Structures are given as structure tokens and as C-alpha cells.
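Below you'll find the structure, written out as C-alpha cells, and then a few comments.
2 protein chains.
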Amino acid sequence: MSHTLGIRQAQKQKTRQALLDAALQLLEEQSLSSLGLREVTRAVGVAPTAFYRHFRDMADLGVALVEEALDSLHTTLVALLAATGDGKDDGEERIAATVELIVAYVRTHPAHVRFIAREQHGGVQAVRSAIGDQLALFAQEVKDQFAGEPDSAGWDEDDLLMLARMYVDHMVMTASSLLEAAPGTEQRVAVGARRQLRLLSLGRHHWLDER
Amino acid sequence: MSHTLGIRQAQKQKTRQALLDAALQLLEEQSLSSLGLREVTRAVGVAPTAFYRHFRDMADLGVALVEEALDSLHTTLVALLAATGDGKDDGEERIAATVELIVAYVRTHPAHVRFIAREQHGGVQAVRSAIGDQLALFAQEVKDQFAGEPDSAGWDEDDLLMLARMYVDHMVMTASSLLEAAPGTEQRVAVGARRQLRLLSLGRHHWLDER
DNA sequence: CCATGCAGTTAACAACTGTTCTCCGAGATT
DNA sequence: AATCTCGGAGAACAGTTGTTAACTGCATGG
């Protein structure tokens, strides 16, 4: 594969990406259901009708944005699981590394984070369920990771998934909190996030105590 | 006070409420930043210009909706704290009662729940911070409740607030999940919510273990 | 080298938006 | 009874929206 796809399709994907970028930027101050097709094409410097060469409508573009955003997040998640998955380091180190990775991600992909947080419960059905599906998939991966750890011996399948979901949800929530935090306040948010992870970790360790 | 406010102001508040109700209903399928002034007045059956007699713009109406929605939620929260606050019942009963109250609230105020979940991270700044402030206030109340319980002996102030925030966030998240759950699936969501609360409760009990 | 495919353009459309100004009529005030 | 107040109606405005149709020019594959 990959025979340096012709100058033709290259240009197409270039403007397509320009549309996605422009939309993502415009979405910092509004939500998808109020973002107009013309608004996006105007920002790119292209005729309104050119939009239809790439997307059926704005909802379609929204779904494409979900894929782009959650793909980059997925990369981060894999890195996170790989870095903290050896089971050697005890809880505290693992927690610190996790939060630090989230902080770094938010710093490098703020617009993506805002988009996911906003449209997760937003007004466009197709986008909402696209995000929901992807996050459920993330939870599955986290669960699989957990399943291989000694701490999870004797755990129910459903309980493991529930735990994984809590971690994923907490990850998204923390990222969103970091975004809205006043400049300079990010460290406070990070401290809070570590404390919350510590609580979850404690709950996990004592889950099977009284059984 | 309250001398049966004249038939004049009565009519005014009546149409004002009609505007709020219509907006809340229209918001089930879109988000606030895309909801138009004319759309709302049309649904009520009133001239577009009448809108300005009650709200400066849609953002202003949004803030009013926040107050209405979170006021009803606050009532539920107080009931929740009162019902589970005697400290007598052990964790499991308390958890079941909490989840059941959330389920009941979602069933009776679905539109309010959807609105809060959607606009919490939505595109209208004023509404976002209005919701944030109210939820922070809820967390304070929960914290005060926790502070009076024996389980919280020796707890740091910040840690208590962090715990309270986790409970409030979990409450909102559970309510939102119940909304999006396929009909008949609510019971599954409720079971998951109970498990999550159990985990939080376990974390809480062992918070001071290794200090 | 030429015919075809196709990303992007131009022009036009009916529909809709927020906002202003002017007016009306009925409740409130004296 | 006369006057004032003010919630709401009506008409008009400049701007914007999504979508259509027919076009242009260039990379592409035979």
C-alpha cells in the first residue's frame, strides 16, 4: 500500500483536514449543533459548496472529529497502560504518572479535549453515540489491562468493567477540569485528581474484604 | 409580603414560565447555543419581541433555566441528606436509598437532567459557570454533612471536599446515564451506580489506614 | 495526447435569524 | 374618572443560513 497517493487526492485530504481544523477551532466558543456549514468554509477560505465534497452535513463532520480526537486520546491511553502496567511500581507512583500524562495531553490537545467533553452530552445524536462507543471501547482496554494484574484476582467480570469505566470517566472529567481551570490553577486540579485516584485505588484494594 | 401579586404581574410570570418550559422542551434535541429566540416564542404562541420583556437574550434564559433546574435538584439533595444522614444505617442501605432517589428524580425531571448534563460543558459561558457554581455549592453541603459523621474523624478539610465533589459528580453522571439508557435498561445502570458508590465508600473507610 | 473524472467555483433561491421602532389596550395609580 | 405603565403585537430591516444547479480547470488513466 501507500504509493504516495497522487497530488489529486493529496489536495483533497488537505482541504478536508483544513475543514476539520477550522471547525475544531470554531467549536471552542460554541457547540456543534450551532456551528454552521458556511461558517466553517468561510474560515478555511473555500466556497460553501465545497463542503459537500467531504461531508454530508455538519453531523457527519462531527463524527469525523470524534474519530480524530479519540484516536489521539487512544494513543495516549495505550502509552499510559504501557508505562504503568508492569505492576512493579506501587500505587502512588502509578497515580502520579497517570495524572502527569493527562496534564501533558490537555496541554498539547486542548481543542480535542474541549470537543469531547462538550459533545459527549451534546445536542447531536450521532456524535454523542460515536463518543459513547469509543469510550466504552477504552473501558474495555483498561479492563483487559486490569485483568492481568495480581490485584484483580478473584474479581467479577462486571466489577472489573465497572472499575475501568470509573477510571475512564475520571480521566475525561479531569481533562475537562484542567481545561476550565484558571491559568496557574492547573496544579491544584492535578493534586485533586491524584487524591481522587488514590481513593479509587483504596476502594479497589479492599473490594473483596468482606466477602 | 405576598399580597396576591396583581393580575398584571401574574400574567407576566405566566408567559415567562411558558417561555422557560418551551425552551426546556426544545432543548431535548439540540443545545442552548443553537436554540433561537424566535423558535421559543413561536412554540409559546407569542410575538418574538415579547421575549425581550423577560430576558435579555438566550444566554439569560439559559441562566434562569439553571436556577430552576438546580433548585429542584437541590430539594432532592436535601431530602437525600436528611434521609441517609442519621448515621445509623450502614453503607449498603444508604447506597440503595441514594440510587433510588436519583432514579426517581430522573423519572420526574428528565428534561432538567438533560439540560444540566448537556450545558455543564456546553457552548454558553454564562450558563456553564452558573452550573459550576451551583454544583460547587452542592459539594459544600455534602461536605458539611460528611463532616458531622463519625467516619470523617481525622479527615483533612480538602480531602472531605474532594470526596463530596466525587459524590456530586457521580450523582450527575448517574442521572445522565439513566437518561440515555435504553428503555428497560435503567435497572442495569442502577446496579452499576450502586457498585460504584460501594467502591467510593470502601475508599473512604480506608482513607486513613496507612497514615 | 486526449477524453474523462472530479475538487472547487459562481450565482441564485427561499427561509430564517436577532433587533429596532411604533403602536395598542388593559391593568394600575391617583 | 383621567392618567400613566407596561406586556405584548405588528411590520420592517439587513444578514445569515442550507441547498440547488450549472460551470471551470486541472490531474489522471487509457
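Listed in order, the protein sequences are those of chains A and B. So that you can map any letter, position 166 of the first sequence is 166 in my numbering, and since no number is skipped, the others follow by simple counting. Whatever position you read off the second sequence (first residue = 1), add 1000 for my numbering. Every residue gets a Cβ at the ideal spot worked out from N, C-alpha and C, and that includes glycine. In this text the structure is predicted, and so the values were computed from the model without any measurement.
Note to self: Is there a C-beta anywhere in chain A that falls below 8 Å from the one on A1117(B)?
What the structure shows: Counting from one through the second sequence, the residue named residue 1117(B) turns up at place 117. Yes, A1117(B) lies at the interface with chain A (some Cβ there is under 8 Å from its Cβ).
Next item on the list: Assign V1124(B) to one of three DSSP states: helix, strand, or coil.
Entry: The residue you call residue 1124(B) lines up with position 124 of the second sequence. Here V1124(B) sits in coil by DSSP.
Notebook entry, point to check: Counting only runs that start and end within the stretch 1168-1209 of chain B, where is the alpha helix (DSSP H) found for 4 or more residues in a row?
Noted result: 1186-1205
Next item on the list: Using a Cβ cut-off of 7 Å, pull out every chain B residue sitting near E39(A), in sequence order please.
Entry: For this step, residue 39(A) is matched to residue 39 along the first sequence. Correct list: empty, because the minimum Cβ distance to chain B is about 12 Å.
Next item on the list: Determine whether the Cβ of S1033(B) lies closer than 8 Å to any Cβ atom of chain A.
Entry: The residue labelled residue 1033(B) in the question sits at position 33 within the second sequence. Yes, because at least one Cβ of chain A sits closer than 8 Å to the Cβ of S1033(B).
Notebook entry, point to check: Can you check whether the CB of V124(A) is closer than 8 Å to the CB of A79(A)?
Noted result: By 1-based counting over the first sequence, the position of residue 79(A) is 79. By 1-based counting over the first sequence, the position of residue 124(A) is 124. No, they are not a contact pair.
Checklist line | Contact check, L179(A) vs V113(A), beta carbons under 8 Å | finding: Residue mapping note: residue 179(A) aligns to position 179 of the first sequence, counting from 1. Residue mapping note: residue 113(A) aligns to position 113 of the first sequence, counting from 1. In contact: L179(A) and V113(A) (Cβ atoms closer than 8 Å).
Notebook entry, point to check: Would you say the stretch 164-175 of chain A touches the stretch 1202-1211 of chain B, given that touching needs at least three Cβ pairs under 8 Å?
Noted result: no
Item checked: Assigned secondary structure, M1001(B) (DSSP; H/G/I helix, E/B strand, else coil) -> Residue numbering aside, residue 1001(B) sits at position 1 when the second sequence is read from its first letter. Low local confidence applies: a pLDDT of 42 at M1001(B) is under 50, so the model's placement there is unreliable, with the coordinate-based value given in what follows. Reduced to three states, the DSSP call for M1001(B) is coil.
Checklist line | DSSP-derived helix/strand/coil call for F1051(B) | finding: Along the second sequence, one-based indexing puts residue 1051(B) at 51. Residue state, collapsed to three classes: helix.
Note to self: Is there a Cβ of chain B sitting closer than 8 Å to that of Q30(A), yes or no?
What the structure shows: Locating residue 30(A) in the first sequence gives position 30, where the first residue counts as 1. Chain B, which has a Cβ nearer than 8 Å to the Cβ of Q30(A), makes this yes.
Item checked: D156(A), DSSP secondary structure in three states -> In the first sequence, residue 156(A) corresponds to position 156, counting from 1. Residue state, collapsed to three classes: coil.
Checklist line | For G1192(B), the nearest candidate out of E157(A), V189(A) and P183(A) (CA to CA) | finding: For the purposes of this step, residue 1192(B) is taken as the residue at position 192 of the second sequence. The option with the nearest alpha carbon to G1192(B) is E157(A).
Check: Does the distance from the CB of A1022(B) to the CB of V1044(B) come in under 8 Å?
Finding: Translated into the one-based positions of the second sequence, residue 1022(B) becomes position 22. Translated into the one-based positions of the second sequence, residue 1044(B) becomes position 44. It is a contact, given that the beta carbons lie within the stated cut-off.
Note to self: Tell me the DSSP secondary structure of D57(A) in three-state form.
What the structure shows: Counting from 1 along the first sequence, the entry for residue 57(A) is found at position 57. Reduced to three states, the DSSP call for D57(A) is coil.
Check: Can you find a CB in chain A that lies within less than 8 Å of the CB of S1152(B)?
Finding: Along the second sequence, read from residue 1 onward, the residue named residue 1152(B) stands at position 152. No, its Cβ sits nowhere closer than 8 Å to a Cβ of chain A.
Item checked: Under the three-state DSSP convention, the category G148(A) falls into -> Here residue 148(A) refers to the residue found at position 148 of the first sequence. Three-state DSSP puts G148(A) in coil, outside helix and strand.
Notebook entry, point to check: When DSSP labels each residue in this structure, what does S214(A) get in the three-state scheme?
Noted result: As shown, chain A starts at 1 and ends at 211. That puts residue 214(A) outside it, with no answer to give.
Next item on the list: Select from R194(A), I131(A), G203(A) and G6(A) the residue whose C-alpha is nearest the C-alpha of V103(A).
Entry: Here residue 103(A) corresponds to residue number 103 of the first sequence, with the count starting at 1. If we check each option's Cα against that of V103(A), R194(A) comes out closest.
Notebook entry, point to check: D57(A): buried (16+ other C-beta within 10 angstroms of its C-beta) or exposed?
Noted result: Working through the first sequence from its first residue, we reach residue 57(A) at position 57. So D57(A) ends up on the exposed side.
Note to self: Using a Cβ-Cβ cutoff of less than 7 Å, which residues in the same chain neighbour E39(A) once the five nearest sequence positions on both sides are dropped?
What the structure shows: If you number the first sequence from 1, residue 39(A) lands on position 39. Excluding residues within five positions, the ones whose Cβ falls inside 7 Å are L26.
Margin query: Looking at chain B, is there any beta carbon in it that lies within less than 8 Å of the beta carbon of S2(A)?
Written below: Taking the first sequence and counting its residues from 1, the one referred to as residue 2(A) is at position 2. The predicted model places S2(A) with a pLDDT of 44, which falls under 50 and marks its position as unreliable, so this point remains unresolved.
Item checked: Counted within 10 angstroms of its Cβ, other Cβ atoms place D1159(B) as buried (16 or more) or exposed -> If you number the second sequence from 1, residue 1159(B) lands on position 159. Buried, by the Cβ-count rule.
Item checked: Below-8 Å beta-carbon distance, M1058(B) vs any chain A residue -> As a working mapping, residue 1058(B) is identified with position 58 in the second sequence. No - not a single Cβ of chain A is within 8 Å of the one on M1058(B).
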